[in-house]
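For reference, the structure discussed in these notes is given below.
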Amino acid sequence: MEPFVSPELSVYVEDYLLSHRNPWNLKLHHFAVPTFLVSGLALLSFITLADPLHHPVFKIDVALIAEMGLGVFWFRLAGKFGLLALLFYGFLSGWVRLLPLQIILSLTVLAYVLQVIGHAAIERRQVSRVGGIACLSFGALFHFLRSTKIIALSCTFFALLQTGCTPKKLQPEFSPFQGQRAYQDVETYTQFGPKVSGTDNHKKVADWIVTSLKSSGATVIEHTASATTFTQKKIPIRNLIAQFNPDHKKRILLSAHYDSRDIADEDKKRKNEPILAANDGGSGVGMLLEFARSVQPQTLPYGLDLIFWDAEDLGRPGDPYSYCLGSQAFAKNPKPAGYKAAWGINFDMVGRKGTVFGIEKFSEAYAPDLIKRIWDAAKAVGANSIFGSHRFGPVVDDPVFITKGLGIPMVNLIAMGPDGKFPPEWHTHDDTMKVISKDVLQALGDTVLHVLKNEPN
Ligand code: 1BN
Ligand code: ZN
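Per the working numbering, the sequence shown starts with residue 650, numbered consecutively.
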């Protein structure tokens, strides 16, 4: 049966239903016909004043019953928003006169309105929500004034269409992760020379990262502070934060440090000279810059933050709190203030040939579900060769301060073998491009994008 509405309106409504959640795949006429039938019945009862269901106390009439019936339709079609909108309408139009019920309904309405406002802000659907609320108010007003019920019903109809339908679930999409481009970034990173916090090279690499992030469309903010190293040197801290969908409340965090160590204390020669840090600095930077390029923020039902920690590697061996000065400063005084994310992954020394990631014990204690998701994702994308089952640590690294300070569960992906040792070039002058593998970067990128794509809505 064709809908009793103009073709233009029919196309508009059908389009609307197609692009929104519509679990029973309802078509306009599935509810337009009953709407008009019951509206006619209501109008008839109103004109003739013959209201067989009239009750003096509860003020029940045919229209109420009819609209409650429609409410069931809408509840199926539109979920709780549709039903709550209907209750709101019923309340306003004075049908429900029992005080306790009115109080409950008032609270429900308040919760509903807050939820609508919240959703509108998050989903940027202000126009349709506002339109819905406007229609709803008109409907209620008409009914209050006891004008023609068909007008009231029509308003309710459109109000529910507007407010009741929730947008289709977003399917997160990413451009393919390109290990080659991440590798290229690691190379550029090493070409800056050593990047010790507070030095000229460090400033240059930070500016390069910011430029790259901005060209990927991120909103970049900087968290600055000052810190004292274990040698009592005062250094400026500059954590770099790239945000995608900065207005979303739900956030996911990917992080890595971008500074490089000031000494090669694990080397046999030139122990006091700074290192290039292709893996211990560069690999995490390469991963994050490539994530920034592959993100398609408009498809994400969450906000994504990429944080580049400063001053991770100026510590004294055996003194864990002398490392991670950037993340420690952030945890004390985050930016944006009150910063929180649902979960996070940190990338530290992730680009080495032959890396097999094990399970770091802090991560296991604080984010066991996320570990499972990452390892399962690796299987799903065929990257299981870089994920093993050995457990190691705990390693005090940037994510520990973020988890403990801000309550964000994080997994640290860091190359430590079953023997509890970092790779042989760690904190030596051999940490150069020679140890980096674009295949490892690729496999890790594919894995993490799989996790991000399958984040529950
Ligand atoms: C990791 C890579 N870290 C520094 N570069 C932090 C750390 C240092 C973790 C020493 C354990 C021991
Ligand atoms: Zn290091």
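Cβ coordinates follow ideal geometry from the N, Cα and C atoms, glycine included.
From a predicted model like this one, the values you see are computed outputs, not experimental measurements.
Identity of the residues DSSP links to residue i by a beta bridge
i: L903; result: L955, I994
i: F1041; result: E1009
i: V869; result: A891
i: N1061; result: N995
i: K883; result: T877
i: R1001; result: I1085
i: V944; result: F823
Simplified DSSP state of residue i, which is helix, strand or coil
i: F1036; result: strand
i: R965; result: strand
i: R830; result: helix
i: R1022; result: helix
i: T1081; result: coil
i: N982; result: coil
i: A1016; result: coil
i: K898; result: coil
i: S824; result: coil
i: V845; result: coil
i: G935; result: helix
i: K853; result: helix
i: K917; result: coil
i: N1103; result: coil
i: F1071; result: coil
i: P923; result: coil
i: I753; result: Here I753 scores only 46 on pLDDT, less than 50, and its place in the model should not be relied on; the value that follows carries that caveat. Three-state result, I753: helix.
i: S861; result: helix
i: I912; result: coil
Where residue i falls, given that 16 or more other Cβ within 10 Å makes a residue buried
i: S846; result: buried
i: G1007; result: buried
i: L862; result: buried
i: P628; result: There is simply no residue 628 to check, as the chain begins at 650 and stops at 1106 in what is shown.
i: Y1015; result: buried
i: A913; result: buried
i: H1099; result: buried
i: Q892; result: buried
i: P825; result: exposed
i: A699; result: Because the pLDDT at A699 is just 49, under 50, the model does not fix this residue reliably, and the value given afterwards should be weighed accordingly. Under this definition A699 is an exposed residue.
i: N1061; result: buried
i: R1001; result: buried
i: K844; result: buried
i: G1003; result: exposed
i: S864; result: exposed
i: P985; result: exposed
i: G1056; result: exposed
i: Q829; result: exposed
i: L955; result: buried
i: H851; result: buried
i: H897; result: buried
i: L902; result: buried
i: S1012; result: buried
i: L963; result: buried
i: T1052; result: buried
Residue i vs residue j beta-carbon contact at 8 Å
i: N995; j: A1092; result: no
i: D834; j: N928; result: no
i: D908; j: T1077; result: no
i: P1058; j: W992; result: yes
i: S971; j: F1050; result: no
i: N894; j: G952; result: yes
i: S932; j: D1047; result: no
i: P1017; j: H1039; result: no
i: A1027; j: I1035; result: yes
i: P821; j: L1019; result: no
i: I1063; j: V1044; result: yes
Heavy atom of the ligand COA within 7 Å of residue i beta-carbon
i: H872; result: This structure simply doesn't include the ligand COA; it includes the ligand 1BN and the ligand ZN instead.
Residues of its chain near residue i, where Cβ-Cβ distance is below 6 Å and the 5 sequence neighbours each way are ignored
i: A770; result: The predicted position of A770 is uncertain, since its pLDDT is 39 and thus under 50; no value can be drawn from it.
i: M1122; result: Summary: the structure shown does not reach residue 1122, with the chain confined to residues 650 through 1106, and so no result is reported for it.
i: T877; result: K883
i: N1103; result: none
i: G1069; result: F1041
i: I870; result: I890
i: V1097; result: none
i: C973; result: E961, D1047, F1050
Cβ shell of residue i (< 7 Å), same chain only, five flanking positions each side left out
i: P1105; result: none
i: Y832; result: G935, I1085, K1087, L1090
i: T873; result: P885, I886, R887
i: V944; result: F823, F893, L953
i: V859; result: V869, L889
i: A978; result: A874, A876, I886
Contacting residues, own chain, Cβ-Cβ under 8 Å from residue i (five flanking each side not counted)
i: L918; result: It should be pointed out that residue 918 corresponds to Lys in this sequence rather than to Leu. Contacts found: H1078.
i: M1082; result: V835, E836, T839, A927
Residue-chain proximity (residue i, chain D), Cβ-Cβ < 8 Å
i: E922; result: Of the protein chains in the structure, only one exists, and it is not chain D.
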